[in-house]
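One gets the working numbering by counting positions in the sequence shown from 1 and adding 619 to each.
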Amino acid sequence: MSNHPITRKHPRSRHNGDWNVLWPVWALCTILLGFGIFVIVRQYREDLPQKSDIPVVALGEGQNLHLDPRNLSSPQLHLFEASASGKKVKFMVQRAPDQIVHVAVASCRACNKNRNSHYAKNGEMICGKCEEAMDFESKERQARANHCALVEIPHSESDHDVAVLVRDVFAEAAKLSQ
């Protein structure tokens with residue numbers, strides 16, 4: 620120990636206590652970071668598939684669909700899911716305003732790769748990629764150019780029964796994949 624009166628003072632940095640002078644920079648960085656997170660989360664939520672406002676009725680393994688046509692009111696849309704050999708395909712049944720019953724794969728030819736993002740809203744099938752309503756396509760009627768079209772499934776119709784065979788559903792779905 621030394622009783623020497625000269626002591627060495629540690630030089631104090633003049634920037635040590637001045638961090639709070641830069642609060643506007645920190646606030647701006649925090650706001651920009653928060654905005655960036657908001658944009659990313661919003662974009663992620665937009666890319667999520669939309670939920671249909673119509674429930675999907677799952678048919679049993681290999682089960683054909685038989686509906687009473689009196690239960691089909693225009694323009695009510697009915698969604699079904701057929702399954703066979705571990706594969707599943709969604710299809711829809713709808714009575715048009717002209718009283719014709721349409722049965723179609725719940726996907727379009729152009730955007731079939733995005734079929735899991737398609738959804739039903741307000742009685743229409745909406746393409747999850749294009750965000751537009753899909754039209755019916757059949758041998759007699761072609762869909763509009765550059766527009767998503769639902770591919771019709773052959774079905775039988777009588778006064779008391781609308782029948783859709785699972786093999787026809789899977790045959791039309793296989794054509795979409797090609």
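For each residue, glycine too, the CB sits at the ideal point set by N, CA and C.
Treat the numbers as computed from the prediction; the structure is a model and nothing was measured.
Note the first and the last residue of the continuous beta strand (DSSP E) segment covering residue i.
i           : result
residue 713 : 706–714
residue 702 : 696–703
residue 679 : 675–680
residue 769 : 768–771
residue 743 : 743–745
residue 737 : First-last for residue 737: undefined, no H or E at that position.
residue 720 : 720–727
Which same chain residues end up closer than 6 Å to residue i when comparing Cβ atoms and leaving out the 5 residues on each side of it in sequence?
i           : result
residue 693 : 714 and 716
residue 683 : 784 and 785
Would you identify the three-state DSSP class for residue i, choosing helix, strand or coil?
i           : result
residue 791 : helix
residue 784 : coil
residue 659 : helix
residue 648 : helix
residue 686 : strand
residue 776 : strand
residue 665 : helix
With a 10 Å radius around its C-beta and 16 neighbouring C-beta atoms as the bar for buried, classify residue i as buried or exposed.
i           : result
residue 704 : exposed
residue 779 : exposed
residue 686 : buried
residue 644 : exposed
residue 707 : exposed
residue 772 : buried
residue 654 : exposed
residue 710 : buried
residue 770 : buried
residue 750 : exposed
residue 745 : buried
residue 701 : buried
What does a CB cutoff of less than 8 Å around residue i pick up in its chain, not counting 5 residues either side in sequence?
i           : result
residue 691 : 697, 712, 713, 714, 720 and 781
residue 730 : 737, 746, 747, 748, 749 and 767
Below 8 Å, how does it come out for the segment 653–666 and the segment 676–685: are there three or more Cβ pairs, yes or no? no
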